[in-house]
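Taking the working numbering, the leading residue of the sequence shown gets 2, the next gets one more, and so forth. A virtual CB, placed ideally from N, CA and C, is assigned to each residue, including glycine. Note that the coordinates shown come from a computational prediction; the quantities given were computed from them, not determined experimentally.
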Amino acid sequence: MKLTTFCFSPTGTSRKNMMAVVKGLNPDEATHNDYTYYNIKTGAGLNEVLSSDDLALFSVPVYGGKVPPTALERMGQVRGENTPAILLVTYGNRNFEQVLVQLADYVRERGFRPIAAAALVGEHSYSNAQYPIAVGRPDAADLSSAEEFGKQIANKLKETDKKDWDIDIANNMPQLETPEVSLQAFVAFVQEYTRQQQINPVKAYPTASPNACTHCGVCVELCPTQAIAIGSEEVTDTTRCIRCCACVKGCPTEVRTFFSPFAKPLSENFQMRREPLYLL
Ligand SMILES: Cc1cc2nc3c(=O)[nH]c(=O)nc-3n(C[C@H](O)[C@H](O)[C@H](O)COP(=O)(O)O)c2cc1C
Ligand code: SF4
Ligand code: SF4
């Protein structure tokens, strides 16, 4: 089995989950295309065409119940020829909604056939010391569960007929339940936030305190969209920033911060531990 992976993971949780699945799969050969920085560094995999004997794996985070548009743009040139594909999404303990259906449609249009899917959990990009959300996820239990899923996929490929591999995500993917009280509180917050934005559209972006920033340049390296320039790291180009929080989580002196208005309601309403969900 020759595996080719395609990953977009600004804060690294989608990558961690993916590598646990890959460990369980234990492929004969693997090529990893990380699209988080592809246009800055290698450009690898951009014109990749995979055959029906290959195995593809797509791993992306969930942004607002969808695949981040930047991830879709970067994977857009990849093509399959009825190539089996594993779909992994990592979300921050709130919900993944219809993201796997969206990703399945997207890869199908490009010649892939989804044969396994998972909704995995990662520390929320907006999580901070004041408003923790799924801190430390994926943890050891998550990674061992993801590895086991990888083993189960390998068994399916070995032991079942190719024609029986396809999955029906829209109808069979397990869904999450959220306690009514948390759901109502979060929906009320989103409605009020949307109303305020209509009156006064002000979006928050990460910034660094000019006096405290050491200009080490780590955030420049970590930013997937080149929204931070060397020498003026305290400034964020808001036309490029996707608010992924890679710069915030990676700043060694913790002077780069992002006060998302969503952090508090997410932390208050989504403390229940979500477990990884699978479809095979
Ligand atoms: C802009 C944005 C939107 C997000 N939307 C959701 C969401 O709808 N549901 C959810 O549970 N987590 C959401 N998250 C959290 C991420 O899905 C989660 O932290 C994920 O682990 C990040 O993946 P990465 O480490 O690969 O970047 C969002 C994060 C960001 C930055
Ligand atoms: S990582 Fe932090 S300290 Fe380093 S340049 Fe960026 S904001 Fe400044
Ligand atoms: S500046 Fe924006 S896009 Fe760049 S790493 Fe920070 S949050 Fe992500």
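At least one heavy atom of ligand 1 lies closer than 7 Å to the C-beta of residue 95. For residue 14, the closest C-alpha among the options 139, 191, 130, 115 is that of 139. If you draw a straight line from the Cα of residue 156 to the Cα of residue 134, it comes to about 34 Å.
DSSP places residue 59 in the uninterrupted beta strand (DSSP E) bounded by 55-62. Excluding residues up to 5 positions away in sequence, 96, 97, 98, 99, 100 lie with their Cβ nearer than 8 Å to the Cβ of residue 66 in the same chain. At the C-beta level, residue 231 and residue 218 come within 8 Å of one another. If you compare the alpha carbons of 130, 202, 154, 79 with that of residue 28, the shortest gap goes to 154. The segment 154-182 is shown to contain whole alpha helix (DSSP H) runs of 4 or more residues at 170-173, in chain order. Burial state of residue 124 is buried, judged by a 10 Å Cβ sphere holding 16 or more other Cβ atoms.
In terms of CA proximity to residue 128, 267 leads the group 117, 235, 89, 267.
By the Cβ-count criterion, residue 164 is exposed, with fewer than 16 other Cβ atoms from all chains shown falling within 10 Å of its own Cβ.
Placement of the Cβ of residue 161 at a distance of 7 Å or more from every heavy atom of ligand 3 is found. Residue 225 sits buried, since 16 or more C-beta atoms from the chains shown fall within 10 Å of its C-beta. Short note on residue 10: C-beta closer than 7 Å to some heavy atom of ligand 1.
For the set 244, 279, 265, the Cα lying nearest the Cα of residue 130 is the one of 265.
If you draw a straight line from the Cα of residue 53 to the Cα of residue 191, it is about 44 Å long. The beta-carbon separation of residue 174 and residue 118, rounded to 6 Å, stays under the 8 Å limit for a contact. Comparing alpha carbon positions, the residue from 9, 277, 79 closest to residue 146 is 277. The straight-line gap separating the alpha-carbon atoms of residue 209 and residue 236 is approximately 7 Å. The C-alpha of residue 16 is placed about 15 Å away from the C-alpha of residue 141. Short note on residue 226: C-beta closer than 7 Å to some heavy atom of ligand 3. As summarised for the segment 186-240, the continuous alpha helix (DSSP H) elements at least 4 residues long and confined to that stretch are 219-223, given in chain order. In this chain, the beta strand (DSSP E) harbouring residue 8 covers 3-8. Here the alpha carbon of residue 84 sits roughly 43 Å from the alpha carbon of residue 255.
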